[in-house]
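Below is one structure, written out as structure tokens; the observations come after it.
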Amino acid sequence: MEAFVLSLIAATLRVATPLIFGTLGELFAERGGILNLGIEGTMFFGAFIGFWIGDLTGSLWAGILAAMLGGLLSGLLMGFL
Numbered sequence: 003m004e005a006f007v008l009s010l011i012a013a014t015l016r017v018a019t020p021l022i023f024g025t026l027g028e029l030f031a032e033r034g035g036i037l038n039l040g041i042e043g044t045m046f047f048g049a050f051i052g053f054w055i056g057d058l059t060g061s062l063w064a065g066i067l068a069a070m071l072g073g074l075l076s077g078l079l080m081g082f083l
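Below you can see the structure in the form of structure tokens.
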């Protein structure tokens, strides 16, 4: 039972790490007076585009670049709306 609980906590921290980083980024933005409620959507859109392009081209670096550009474009779109 104890091993299961430790494994569950480790898996939770592993899966939640990207959201924790997004939350920290939003924390700094809010301290500057900017409220962005679309952090998770921007991250998920960037991850989707990165996976799609990475799978399409077979290149890890193309996927990483596409993920950054997808997140950037998603953030710009939400900023203009």
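For the sequence shown, the working numbering gives the first residue as 3, with consecutive numbering after it. No residue lacks a Cβ here, since even glycine has one placed at the ideal position from N, Cα and C. Note that the structure is predicted; figures quoted are calculated from it, not measured.
Assumed close pair residue i, residue j - CB separation to whole angstroms, cut-off 8 Å
| i | j | result |
| --- | --- | --- |
| G48 | G56 | Contact doesn't hold; Cβ gap of about 12 Å is too wide. |
Residue i, buried or exposed, once every other Cβ within 10 Å from all chains shown has been counted against 16
| i | result |
| --- | --- |
| G52 | buried |
| S61 | exposed |
| G73 | buried |
| S76 | buried |
| A68 | buried |
Within 9 Å, strictly: CB atoms of residue i and residue j
| i | j | result |
| --- | --- | --- |
| M2 | N38 | Residue 2 is absent from the structure shown; the chain starts at 3 and stops at 83. |
Task: At least 3 beta-carbon pairs within less than 8 Å: the region 18–27 vs the region 36–47 - done: yes
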